[in-house]
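In terms of this note's numbering, the sequence shown is residues 4 to 265.
As structure tokens, the structure follows; a few thoughts come after it.
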Amino acid sequence: MLPTPVRRSVRVAGFVGVTAAMAPVYAARDALSSSRSRDAVRDRWLRRWSSAMLRLFAIEVALDGAPDRGSSAAPARGRLVVANHRSAIDIGVLLRTFGGHMVSRADLSGWPVLGRAARSVGTVFVDRSSTVSGASAIRSIRNILSSKGTVLLFPEGTTFEGDVVRPFHPGSFIAALRTDADIVPVGIAYERGSGAAFINESFLSHLSRVAGAPGSRVVVRVGKPIHVEPGVRAAALATQAHDAVQALVAEARAHVGADDVR
């Protein structure tokens, strides 16, 4: 096993280097793609990038559930994938599992390398302190869902430590109500002592700390889609999704140390 400082340097350099190398390749491929194939091209790139990052950081993902749409036929409706948020690693986990469009904090768009890559794949940026930004993000989410796309969201609004799922912000659920989309709940649990939690630190500090860690196992439980019923309110839908995610987190926690999860 490499010494911690060496492991940290190799992984941080790999994170920047792989992202910087893959982004222009994707941009070129996207520019040559037809409008019908563009989503598939983006999702393949996202899965390759996130798989490379998870391998680089020695993250073992145990997946239980059926995240895929099941066939090559056009999807029947959009998907709003909602999960608890504990680490920056969650982003790679969801992108590898589902593809789609991530909803992210607004300042990420200005970061070197990663910000450019995030913009190129259609990330939805939101400043939660701005009502104008929030309304714009809801419109963007609604447009993606209306075109039967996939949106990845952490409705707690930020990262927390532990398995208690905090209340979900209802704003993004408004978009689901207006588009006949499915809500797909996901529960994520890291093995105890992994150090994966992203709490009270900058992204660079978090990246450096996780890069120096030995690696970790994470269990991802995908629940049954929640189809939006006519007349339901966004707050009630957010609560229903929250409760489903909390139950899935408990199931994921029970399997973190087990070997029977696919």
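Glycine is no exception: its CB is placed at the ideal position from the N, C-alpha and C atoms.
Here the structure is a predicted model, which is why all the values come from computation and not from measurement.
{"Item": "Inter-stretch contact (C-beta, 8 angstroms, three-pair minimum) for the segment 122–131 and the segment 98–108", "Value": "yes"}
{"Item": "Cβ-Cβ distance between V256 and V222 below 9 angstroms", "Value": "This sequence places Arg at residue 256; Val is not what is there. Cβ atoms of R256 and V222: closer than 9 angstroms."}
{"Item": "Among S136, S90, V13, nearest to F206 - alpha-carbon criterion", "Value": "S90"}
{"Item": "Endpoints, the alpha helix (DSSP H) within which P8 is located", "Value": "7–35"}
{"Item": "Start-to-end residues for the alpha helix (DSSP H) that takes in G95", "Value": "92–101"}
{"Item": "For F176, three-class secondary structure by DSSP", "Value": "helix"}
{"Item": "Secondary structure of H258, DSSP reduced to three states", "Value": "helix"}
{"Item": "N-terminal and C-terminal residue of the alpha helix (DSSP H) that L59 is part of", "Value": "41–59"}
{"Item": "Extent of the continuous alpha helix (DSSP H) to which L207 belongs", "Value": "206–215"}
{"Item": "Coarse secondary structure for V264, derived from DSSP in three states", "Value": "Because V264 sits at a pLDDT of 40, beneath the cut-off of 50, its placement in the model cannot be relied upon, and the following sentence gives the value as read from the coordinates. Reduced to three states, the DSSP call for V264 is coil."}
{"Item": "Validate contact between the segment 187–194 and the segment 234–254 using beta carbons, cut 8 angstroms, 3 pairs", "Value": "yes"}
{"Item": "Identity of the residues DSSP links to G190 by a beta bridge", "Value": "R224"}
{"Item": "Per DSSP, the bridge partner or partners of V129", "Value": "R108"}
{"Item": "Three-pair Cβ contact test at 8 angstroms for the segment 108–116 versus the segment 38–47", "Value": "no"}
{"Item": "Test item: CB-CB of H88 and E159 under 9 angstroms", "Value": "yes"}
{"Item": "Rounded separation between R236 and P173 - CA only", "Value": "9 angstroms"}
{"Item": "At least 3 beta-carbon pairs within less than 8 angstroms: the segment 55–72 vs the segment 9–19", "Value": "yes"}
{"Item": "Proximal residues to F201 (C-beta, below 6 angstroms), its chain only, five neighbours per side dropped", "Value": "S90, A91, T162, H209"}
{"Item": "Local Cβ density within 10 Å of W114, reported as buried at 16 or more and exposed below that", "Value": "exposed"}
{"Item": "Best match in G198, L240, E194, V135 for proximity to E254 [C-alpha to C-alpha]", "Value": "E194"}
{"Item": "Secondary structure of V85, DSSP reduced to three states", "Value": "strand"}
{"Item": "7 angstroms CB neighbourhood of A23 in its chain, flanking five on each side removed", "Value": "V116"}
{"Item": "Beta-carbon proximity of R82 to V167, cut-off 9 angstroms", "Value": "no"}
{"Item": "Boundaries of the alpha helix (DSSP H) in which V135 is found, first to last residue", "Value": "134–149"}
{"Item": "Helix, strand or coil at S219 according to DSSP, with G and I counted as helix", "Value": "strand"}
{"Item": "Distance, D93 Cα to V9 Cα", "Value": "24 angstroms"}
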